[in-house]
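In what follows, a structure is listed as structure tokens, so that the remarks can point back to it.
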Amino acid sequence: MSNDTPRRDFIREMVAEDAASGRFGRPICTRFPPEPNGYPHIGHAKSICLNFGIAREFGGKVHLRFDDTNPFTEDIKYVEAIKRDIRWLGFEWDEEFYASDYFERLYEIAVALVRKGKAYVDSENEEEIREHRGTVTVAGTPSRYRDRSVEENLDLLARMKAGEFPDGAHVLRAKIDLAHPNMIMRDPLLYRIRHATHYRRGDAWCIYPLYDYAHGLSDAIEGITHSLCTLEFKDNKDIYDWLVREAGFTPPPEQTEFARLVLDYTVVSKRKLLRLVNEGHVTGWDDPRLHTLSGIRRRGVTPEAIRAFADGVGVARKPARTEMAAYEHAVRNDLNMRVPRVLCVVKPLKVVITNYPEGQVEQLEASYYPHDVPKTGSRMVPFSRELYIDRDDFMEDPPKKFYRLGPGREVRLRYGYFITCTDVVKDAAGEVVELRCTYDPATRGGDSPDGRKVQGTIHWVSAAHAVDCELRLYETLFTVPDPDDVPDGQDFTSVLNPNSLTVVRGAKVEPSVAADPIGSRYQFERTGYFVSDDDSKPGALVFNRTVTLRDSWAKEKGKS
RNA sequence: UGCCCCAUCGUCCAAUGGCAGGACAGCGGUCUUUGGAUCCGCUAAUGGUGGUUCGAAUCCACCUGGGGCAACCA
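Going by my numbering, the first residue of the first sequence is number 669, and it counts up by one from there.
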């Protein structure tokens, strides 16, 4: 786990109390209950960390339960993706369950409710039911079928199950109160008819329980103690409690709500993700610009970083938005201690070292890690007469605070030599195409014996040895923190960031990385953290920028 | 408009009737063979009005503001 002394949020305090008092007479048991109809995202990660974390911290168990009660939308491919992503995050469930395995038990409970007069078959159509439910300010009115006899209800329910009726002909509803101030309690629907093939149960069933019915009872059946969900289910707690009580579960599991994670500049709803994918705004569910766990993974973020981020965000009841800076901090903080540094030139500018012997190649030792990272290792990087540096590291007419190369200036080539720019070569259009420099042979490795200081250190590669690569530079997918906060008549697609992806071809990376496997992470010194992409091939390397380095020069530039 | 939930630095989270604190961001400095990292310092908050109390961010009332609920979705 990423932390040994987890923050005591209000949920953990409650669980600690319940564990100490023995309230449930059994070990703490939580659950993660995804519906297998989409890919897990950063918001799920918070819930996973909470539920799995609590089970671990309190010596309890955690169940992975697929809430697969809607045959229209669910698919086995999503259960595989969800399992893969939970494991990637670093968690393993104690038990794996499916709500669809409880269909028989759930049906028995429904029959019992009918027998008790607590549920009835309603034969009004969808529209009538909606109308009769009333509104938030006006009470609903009972269905004309509400007072059917127990016998008739039992008969109808059995025939619904037997497949005698078409979709929509009848529903099973709890008999509570059509005037209830909580809309959820106005005789909520328990079962609907769906002649559809379920991805696990096939055609065994043609009636399917709704969320409110299946969820609480599934918790109760499994002996869940703490059922943690997001704020929007607060009103559903009434029906949750009603059902587990009517079904006779004691002590009943307790639902507690917390605020979902909302990350600035992102969207995670399945509907919106689907549109982004289908309309081609992104390349797929694992597009590195998306905050699906598959996108995050492809972007090069580690599970440890996500866990640290989730811990840092905390758990509370207040709906909140989290700044992207907090996320990026967690990512950099993790990568800083983890990945080797290598040299990569993004926009190459040729440099000829005029006093360096033609044809000579030196191998210079370059540490993989800076002095303050407790890891060791190094590789040799070739140095020769013709190099590339980044265009951004040269200015013909540099301002005072620009510490890099300019005419007549001396800088250090990282792990290399001090060089001084003597000439600037331009093409017919006046663009700088080459720099001519001299090097100081006494500064090999980057130190000058005479104690002479240079302002700047820049990265470089040897022109003849560097490997061409493609860089994919990502920015936020949206231009505004809240992509749903747009003028009337527009939606989140109107605030897509046209610069969310910049593909750089012809970048030059040092040869040491040429044969590394896909998924290898690096810091390209002074540029950012990168990971080799799934598309990367030997001879056609592709790197995703996971996150930039903090850049105080960019800030300084912005001031003027 | 009925019911429910919520309200602390710019952001996120603490303080559980007794000195409002941490993290991120920002600003300034230190250090530096990454304008990275580190280290140091600074800025910055209890939505409002009443009440209870020796004492209120905390308890109560009202107000204001934000969010959720009227799918045969979850």
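C-beta atoms are modelled at their ideal positions from N, C-alpha and C, and glycine is treated no differently.
Assigned secondary structure, residue i (DSSP; H/G/I helix, E/B strand, else coil)
i     : result
D906  : helix
R841  : strand
L858  : strand
G711  : helix
C1231 : A query on residue 1231 cannot be resolved here, the shown segment of the chain reaching from 669 to 1228 and no further.
K1223 : helix
D677  : coil
I797  : helix
C874  : coil
V782  : helix
V806  : coil
P849  : coil
K1043 : coil
D672  : For D672, the predicted structure reports a pLDDT of 36, less than 50, and the residue's modelled location is therefore unreliable. A value from the coordinates is still provided. Reduced to three states, the DSSP call for D672 is coil.
S1035 : strand
M1063 : coil
G836  : coil
G1074 : coil
G1174 : strand
L718  : helix
E1193 : coil
First and last residue of the uninterrupted beta strand (DSSP E) at residue i
i     : result
N1212 : 1209-1216
I892  : Careful: I892 lies outside any beta strand (DSSP E) and carries neither H nor E.
V789  : 787-790
V1199 : 1196-1200
L1081 : 1078-1081
V1181 : It is not in any beta strand (DSSP E) - V1181 carries neither H nor E in the DSSP assignment.
L732  : 729-734
E760  : Neither: E760 is in no beta strand (DSSP E) and is coded neither H nor E.
Member of the options whose CA lies at the smallest distance from the CA of residue i
i     : options                   : result
F926  : K986, M682, V1135         : K986
R1082 : V1049, D1091, V1093       : V1049
L824  : R860, E796, V804          : R860
E972  : R989, T990, H997          : H997
R1232 : V1122, N705, P919         : In the structure as shown, the chain starts at 669 and stops at 1228, and residue 1232 therefore has no counterpart that could be examined.
G948  : N793, L1164, G1196        : L1164
G802  : V1210, N850, D1065        : N850
N1001 : M853, T1214, V983, S1130  : T1214
S1204 : T1195, D1184, G1196       : D1184
D677  : L1141, G982, D1153        : G982
P1206 : S1180, V1154, F1198       : S1180
V1014 : E1064, H1127, P1025       : H1127
C874  : E792, T1147, P739, S1116  : P739
G1196 : I1186, R733, D1219, V1171 : D1219
P695  : G728, D903, L899, N719    : G728
D743  : R1112, T1022, S817, R868  : R868
A1003 : R812, P1038, E685, R1047  : Looking at the sequence shown, residue 1003 is not Ala but Leu. For the residues R812, P1038, E685, R1047, the minimum Cα distance to L1003 belongs to P1038.
7 Å Cβ cutoff met for residue i and residue j
i     : j     : result
P956  : R943  : no
M1005 : V969  : no
V912  : G884  : yes
R798  : V1007 : no
E1224 : R1173 : no
N821  : Y788  : yes
D735  : A688  : no
R1315 : V930  : With the chain represented from 669 up to 1228, any question about residue 1315 goes unanswered, as that position is not in the structure.
S1200 : F1192 : no
I907  : D880  : yes
H611  : D835  : Limits of the chain in this structure are 669 at one end and 1228 at the other, which puts residue 611 out of reach.
Y770  : S886  : yes
A978  : C717  : yes
E660  : K1176 : Residue 660 lies beyond the stretch modelled for the chain, which goes from 669 to 1228, so this question has no answer here.
G1075 : V1100 : Checking the displayed sequence, the identity of residue 1075 turns out to be Pro instead of Gly. In this structure, V1100 does not lie closer than 7 Å to P1075 by Cβ.
L1055 : F1062 : no
F765  : H712  : no
Y933  : M853  : no
V1148 : A1182 : no
T1090 : R1077 : no
Any non-hydrogen atom of the ligand FMN within 6 Å of residue i CB
i    : result
M682 : Of the ligands one can find in the structure shown there are none, so the ligand FMN has no counterpart to examine.
First and last residue of the uninterrupted alpha helix (DSSP H) at residue i
i     : result
I1057 : No alpha helix (DSSP H) contains I1057, which is instead part of the beta strand (DSSP E) from 1054-1058.
R620  : Only positions 669 to 1228 of the chain appear in the structure, and residue 620 is not among them; the question remains open.
V747  : 744-757
- Query: For the segment 1092-1171, which segments carrying the beta strand (DSSP E) assignment without a break, of at least 3 residues, lie completely within its bounds, in sequence order?
  - Reply: Runs found: 1100-1107, 1128-1130, 1135-1142.
- Item | beta strand (DSSP E) segments (min. 3 residues) lying fully within the segment 899-972 | Within the segment 899-972, the complete beta strand (DSSP E) segments at least 3 residues long are 922-926, 929-931, listed from N- to C-terminus.
- For the segment 977-1033, which segments carrying the beta strand (DSSP E) assignment without a break, of at least 3 residues, lie completely within its bounds, in sequence order? The qualifying runs are 988-990, 1016-1021.
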